[in-house]
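Here the structure comes first, spelled out in structure tokens, and everything after it is commentary.
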Amino acid sequence: MNRQITELFGLNVYTEKSVSVGEVEDVIIDVDNKKVDSLVVGKLNPGLVDIKNYKGLKIPFRIIQSVGDVIIIHHIPGAFRSGGDD
Numbered sequence: 002m003n004r005q006i007t008e009l010f011g012l013n014v015y016t017e018k019s020v021s022v023g024e025v026e027d028v029i030i031d032v033d034n035k036k037v038d039s040l041v042v043g044k045l046n047p048g049l050v051d052i053k054n055y056k057g058l059k060i061p062f063r064i065i066q067s068v069g070d071v072i073i074i075h076h077i078p079g080a081f082r083s084g085g086d087d
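Have a look at this one:
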């Protein structure tokens with residue numbers, strides 16, 4: 002997966018079950034190992050979290066399935082509601 006880090010900003014993030022998660026706001030880099038550690042996702046789908054004032058979510062890079070026009074992550078049971086706005 003070769004992309005410029007700046008190309009990730011603003012991309013929408015979805016689970017592999019088509020649940021909208023939010024939008025990439027930041028990228029965390031592991032400088033010592035020269036790799037992307039995680040993505041910080043904001044503008045979260047309000048149907049995903051029950052915690053008030055929850056503004057962002059850190060997505061480990063290891064659960065990213067693909068990067069293209071959008072970012073697809075593995076759907077982790079219990080972490081995301083299947084319908085998004087349920």
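Following the working numbering, the numbering of the sequence shown begins with 2 at its first residue and continues without gaps.
The C-beta atom is built at its ideal place from N, Cα and C for all residues, glycine as well.
Determine the extent of the beta strand (DSSP E) in which residue i is found, giving its start and end residues.
i: aspartate 70; result: Taken as a continuous stretch (DSSP letters only), aspartate 70 belongs to no beta strand (DSSP E), as it is neither H nor E.
i: asparagine 13; result: 13 to 16
i: glycine 19; result: The question names glycine, yet the displayed sequence has serine at residue 19. Taken as a continuous stretch (DSSP letters only), serine 19 belongs to no beta strand (DSSP E), as it is neither H nor E.
i: valine 37; result: 36 to 43
Report yes if the C-beta distance between residue i and residue j is below 8 Å; otherwise report no.
i: isoleucine 74; j: glutamine 66; result: yes
i: lysine 14; j: isoleucine 72; result: The sequence given here places valine at residue 14; lysine does not occur at that position. In this structure, isoleucine 72 lies closer than 8 Å to valine 14 by Cβ.
i: glycine 23; j: leucine 45; result: yes
Please go through the same chain and pick out, in chain order, the residues whose beta-carbon is closer than 6 Å to the beta-carbon of residue i, but skip the five residues on each side of it.
i: glutamate 26; result: Val41, Gly43
Tell me the rounded alpha-carbon separation between residue i and residue j.
i: glycine 6; j: aspartate 33; result: Residue 6 is actually isoleucine in this sequence, not glycine. About 17 Å.
i: serine 21; j: glycine 57; result: 14 Å
i: serine 39; j: glycine 48; result: 22 Å
i: aspartate 11; j: lysine 35; result: At residue 11 the sequence reads glycine, which differs from the aspartate that was named. Taking the straight line from one Cα to the other gives about 22 Å.
i: valine 62; j: glutamate 8; result: The amino acid occupying residue 62 in the given sequence is phenylalanine; valine does not appear at that position. Roughly 15 Å separates the two Cα atoms.
Only counting the same chain, and skipping five residues up and downstream in sequence, which positions put a Cβ closer than 8 Å to that of residue i?
i: isoleucine 29; result: Val37, Asp38, Ser39, Leu40, Val41, Lys59
i: aspartate 31; result: Val37, Asp38
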